[in-house]
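S.K.: Protein chains in written order, with our numbering: chain A, 102 to 389; chain B, 2 to 258. Structure incoming, see below.
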């Protein structure tokens, strides 16, 4: 926690700059609004005050976003479609389902690539290359294709979340399963350990740090996948749908509130994995 | 050269096998093109729609390149700035790491609102997405020069800028290139997703979302092929420059012998 003070000061600076930017960006709009209302006698203080509290500002201020979050999370019923709890829970479900399948598939594929030599040489280059292509571009199409099979609701978005999360996990896990050095592998050989034993007793435990690192990336990627999928199929709600609706109707405060909620979800997922990882790695004596 | 061909053969054969299997299965089971067009139909679409695809590519790549250049340069610049202040490092880097895990793509609707429908708003999304990976990596890179080398610079009475340009920036290069490689993918993703939120009627993200609406899935696949080729060429280009620029690094030296 020695970083608490610097982080707090940097955060305070960010908020100060934010208010300044909000005043500068919104003032022209507010000036027009005053002109339309036939008011010419406003003072600079009034202009700034009004700029920071506009209905549809170019840049909403932090207190407006907090107020919006408070209104949509605590003062709206959690089951109401107007509330963020409803939309966040949709996004979270898609993310978790997708992440679960994506992670399982990713790990299975890593084990397969690890143990079948031909696959490693033929499949792995494609898995690595697939990291460099913008796979998210496939999202709208996957939604439509699954629609053809009457797969609707959460499933198509979970598929996209799974799809985005499995690549980083495969790559990370292959690296992790290969991380034992030759000396340790030789030791296993002198014990005349079978492939399965080497895997269970050496490779799998050795991959633990890589496992947690790639889980973090995978969880964040799954959330991005879910949000982007919701943008392309916005009727069913979710945070991505809120982003899109906000951008249609110029509701900037709503966009920012949805964005902050998505950020909080992502941060919470990564933090939970990080915490579990730290405890497990400590138990396994990776870190002291 | 023969060794390289031997390296390339298995993945190439695998790729060709997958394409052949795809084509055969689609034809054998009469899968409707709306669900999955055969590779031959996609190739045909690719060839016949060259003008549209080129226009889309040019539209999107502007945002990608501008955003990539500005975001990466700004990240590197800020990393050098805060490098002199441990206080700012301790304050900014945890935040940078935190922000890297956030769904930054979500700022797309905001940027579209601020900078309009054209490529500038896409570049803005890409700037935000590429800034933090560069900041975090470059900062790690700047502290990677060993204490022996630093002491040597001190014995030469090198000042801060000499140490920076002759020792620490070159030592940071592998980290900077790592960030650049991450950023190539992020830039493509950012620009394409930002186009889902509004564009002039051209661009790869726009093409994908509208053609999906028209159910002309072969056109979607053709655009995806272009995006994939563009994305991996961009990555390969950066990787090539990296190999030329950081040939001295252990990861390349090891490969030669």
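For each residue, glycine too, the CB sits at the ideal point set by N, CA and C.
What residues of chain B sit near residue 333(A), judged by a beta carbon separation below 7 Å?
M.R.: Against the first chain, residue 333(A) aligns to sequence position 232. Simply 197, 210.
S.K.: Thinking C-alpha only, which one of 290(A), 318(A), 265(A), 252(A) is nearest residue 273(A)?
M.R.: Within the first chain, residue 273(A) is the residue found at index 172, counting from 1. Nearest of 290(A), 318(A), 265(A), 252(A) to residue 273(A), Cα basis: 318(A).
S.K.: Using a Cβ distance threshold of 8 Å, determine whether the stretch 102-122 of chain A contacts the stretch 82-94 of chain B, with at least three qualifying pairs required.
M.R.: Yes: at least three Cβ pairs fall under 8 Å.
S.K.: Between residue 72(B) and residue 302(A), what straight-line distance do the alpha-carbon atoms span, to the nearest angstrom?
M.R.: The sequence position of residue 72(B) within the second chain is 71, counting from 1. The sequence position of residue 302(A) within the first chain is 201, counting from 1. Whole-angstrom Cα-Cα distance: 44 Å.
S.K.: So, is the C-beta of residue 132(B) closer than 9 Å to a C-beta in chain A?
M.R.: For the purposes of this step, residue 132(B) is taken as the residue at position 131 of the second chain. For residue 132(B), the answer is no, since every Cβ of chain A falls outside 9 Å of its Cβ.
S.K.: Please classify residue 160(B) as buried or exposed, where buried requires at least 16 neighbouring CB atoms within 10 angstroms.
M.R.: As a working note, residue 160(B) is residue 159 in the second chain. Answer is exposed; the Cβ neighbour count stays below 16.
S.K.: Measure the alpha-carbon distance for residue 16(B) versus residue 230(A) and round it to whole angstroms.
M.R.: Position 15 of the second chain holds residue 16(B). Position 129 of the first chain holds residue 230(A). Using only the alpha carbons, I get a separation of about 12 Å.
S.K.: Tell whether a beta-carbon distance below 9 Å holds between residue 180(B) and residue 240(B).
M.R.: In the second chain, counting from the first residue as 1, residue 180(B) sits at position 179. In the second chain, counting from the first residue as 1, residue 240(B) sits at position 239. No, these two residues do not count as a Cβ contact at 9 Å.
S.K.: List, in chain order, every chain B residue whose beta-carbon is nearer than 9 Å to that of residue 367(A).
M.R.: What you label residue 367(A) is simply residue 266 of the first chain in a count that begins at 1. Residues of chain B passing the Cβ test: 102, 103, 104.
S.K.: Do residue 174(B) and residue 142(B) have their beta-carbon atoms positioned less than 9 Å apart in this structure?
M.R.: The residue labelled residue 142(B) in the question sits at position 141 within the second chain. The residue labelled residue 174(B) in the question sits at position 173 within the second chain. Taking 9 Å as the Cβ cut-off, residue 142(B) and residue 174(B) qualify as a contacting pair.
S.K.: Can you pull the chain B residues whose beta carbon is under 8 Å from the beta carbon of residue 104(A), in chain order?
M.R.: As a working mapping, residue 104(A) is identified with position 3 in the first chain. What residue 104(A) touches in chain B: 91, 92, 95.
S.K.: For residue 319(A), name the three-state secondary structure that DSSP assigns.
M.R.: The residue you call residue 319(A) lines up with position 218 of the first chain. Here residue 319(A) sits in helix by DSSP.
S.K.: Are the C-beta atoms of residue 163(A) and some chain B residue less than 9 Å apart?
M.R.: Position 62 of the first chain, counted from the first residue, corresponds to residue 163(A). No, residue 163(A) does not count as interfacial toward chain B.
S.K.: Quick one: grab the DSSP three-state call for residue 182(A).
M.R.: Taking the first residue of the first chain as 1, we reach residue 182(A) at position 81. If DSSP states are grouped into helix, strand and coil, residue 182(A) belongs with coil.
S.K.: Short of 7 Å Cβ to Cβ, which residues in the stretch 224-246 of chain A face chain B?
M.R.: Listed by position, the residues of the stretch 224-246 of chain A near chain B (Cβ gap below 7 Å) are 224, 226, 227, 230, 232, 233, 234, 235, 237, 238, 239, 241, 242, 245, 246.
S.K.: With the cut-off set at 9 Å, would you say residue 214(B) and residue 363(A) are in Cβ contact?
M.R.: Start at 1 with the first residue of the second chain, and residue 214(B) comes out as number 213. Start at 1 with the first residue of the first chain, and residue 363(A) comes out as number 262. Not closer than 9 Å, so no.
S.K.: For residue 55(B) and residue 236(B), I'd like the C-alpha separation in whole angstroms.
M.R.: In the second chain, counting from the first residue as 1, residue 55(B) sits at position 54. In the second chain, counting from the first residue as 1, residue 236(B) sits at position 235. Going by the C-alpha atoms only, they are around 20 Å apart.
S.K.: With 9 Å set as the bound, which would you pick, yes or no: does the beta-carbon of residue 148(A) sit closer than that to a beta-carbon of chain B?
M.R.: Here residue 148(A) refers to the residue found at position 47 of the first chain. Output row for residue 148(A): interface = no.
S.K.: Just to make sure I have the definition right: I need the residues of chain A whose C-beta is within less than 7 Å of the C-beta of residue 50(B). Which are they?
M.R.: Position 49 of the second chain, counted from the first residue, corresponds to residue 50(B). Per Cβ cutoff of 7 Å: no residues; residue 50(B) is ~16 Å from chain A at best.
S.K.: Consult DSSP for residue 40(B) and reduce its assignment to one of helix, strand or coil.
M.R.: For the purposes of this step, residue 40(B) is identified with residue 39 of the second chain, where counting begins at 1. It is helical.
S.K.: Helix, strand or coil: how does DSSP classify residue 160(A) here?
M.R.: For the purposes of this step, residue 160(A) is taken as the residue at position 59 of the first chain. Here residue 160(A) sits in coil by DSSP.
S.K.: How many whole angstroms separate the CB atoms of residue 101(B) and residue 134(B), which I take to be in contact at a CB cut-off of 8 Å?
M.R.: Residue numbering aside, residue 101(B) sits at position 100 when the second chain is read from its first letter. Residue numbering aside, residue 134(B) sits at position 133 when the second chain is read from its first letter. Correct: roughly 6 Å between the Cβ atoms.
S.K.: Beta-carbon separation of residue 234(A) and residue 228(B) under 9 Å?
M.R.: By 1-based counting over the first chain, the position of residue 234(A) is 133. By 1-based counting over the second chain, the position of residue 228(B) is 227. Against a cut-off of 9 Å, the Cβ pair of residue 228(B) and residue 234(A) comes out as a contact.
S.K.: Does any CB atom of chain B fall closer than 9 Å to the CB of residue 357(A)?
M.R.: Numbered from 1 along the first chain, position 256 holds the residue referred to as residue 357(A). Chain B, which has a Cβ nearer than 9 Å to the Cβ of residue 357(A), makes this yes.
S.K.: Under a CB-based cut-off of 9 Å, is residue 185(B) close to chain A?
M.R.: To locate residue 185(B), count along the second chain from 1; it is residue 184. By this cut-off, residue 185(B) is an interface position.
S.K.: Going by beta carbon distance, what residues of the same chain come within less than 6 Å of residue 221(A), once the five residues before and after it are set aside?
M.R.: If you number the first chain from 1, residue 221(A) lands on position 120. Here the set comprises 214.
S.K.: Could one say the Cβ of residue 272(A) lies closer than 9 Å to chain B's Cβ atoms, at least one of them?
M.R.: Reading the first chain from its first residue, position 171 is the one you call residue 272(A). No, residue 272(A) lies away from the interface with chain B (no Cβ there is under 9 Å from its Cβ).
S.K.: On the CB-based measure, 16 or more other CB atoms within 10 Å of its CB, does residue 208(B) come out buried or exposed?
M.R.: The residue you call residue 208(B) lines up with position 207 of the second chain. Under this definition residue 208(B) is a buried residue.
S.K.: Would you tell me roughly how many angstroms separate the C-alpha atoms of residue 121(B) and residue 67(B), rounded to the nearest one?
M.R.: Position 120 of the second chain, counted from the start, is the residue given in the question as residue 121(B). Position 66 of the second chain, counted from the start, is the residue given in the question as residue 67(B). Each residue's alpha carbon lies about 8 Å from the other.
S.K.: Would you kindly check if the distance between the Cβ of residue 206(A) and the Cβ of residue 267(A) is under 9 Å?
M.R.: The residue given as residue 267(A) occupies position 166 in the first chain. The residue given as residue 206(A) occupies position 105 in the first chain. A contact, by the Cβ cut-off of 9 Å.
S.K.: Does the separation of the CB atoms of residue 351(A) and residue 157(A) fall below 9 Å?
M.R.: Along the first chain, read from residue 1 onward, the residue named residue 351(A) stands at position 250. Along the first chain, read from residue 1 onward, the residue named residue 157(A) stands at position 56. Yes, the pair counts as a contact, with Cβ atoms nearer than the cut-off.
S.K.: Please list the terminal residues of the continuous alpha helix (DSSP H) segment that includes residue 116(B).
M.R.: Numbered from its first residue, the second chain carries residue 116(B) at position 115. 109-116 is the span of the alpha helix (DSSP H), which, as asked, contains residue 116(B).
S.K.: Cβ atoms of residue 277(A) and residue 310(A): under 9 Å apart, would you say?
M.R.: Here residue 310(A) refers to the residue found at position 209 when the first chain is read from its first residue. Here residue 277(A) refers to the residue found at position 176 when the first chain is read from its first residue. Cβ distance < 9 Å, so residue 310(A) and residue 277(A) count as in contact.
S.K.: The alpha helix (DSSP H) spanning residue 355(A) covers which residue range?
M.R.: Taking the first residue of the first chain as position 1, residue 355(A) is located at position 254. Unbroken alpha helix (DSSP H) run through residue 355(A): 353-384.
S.K.: On a Cα-Cα basis, can you pick out the residue from 288(A), 236(A), 323(A) that is closest to residue 258(A)?
M.R.: Position 157 of the first chain, counting from 1, holds the residue named residue 258(A). The option with the nearest alpha carbon to residue 258(A) is 323(A).
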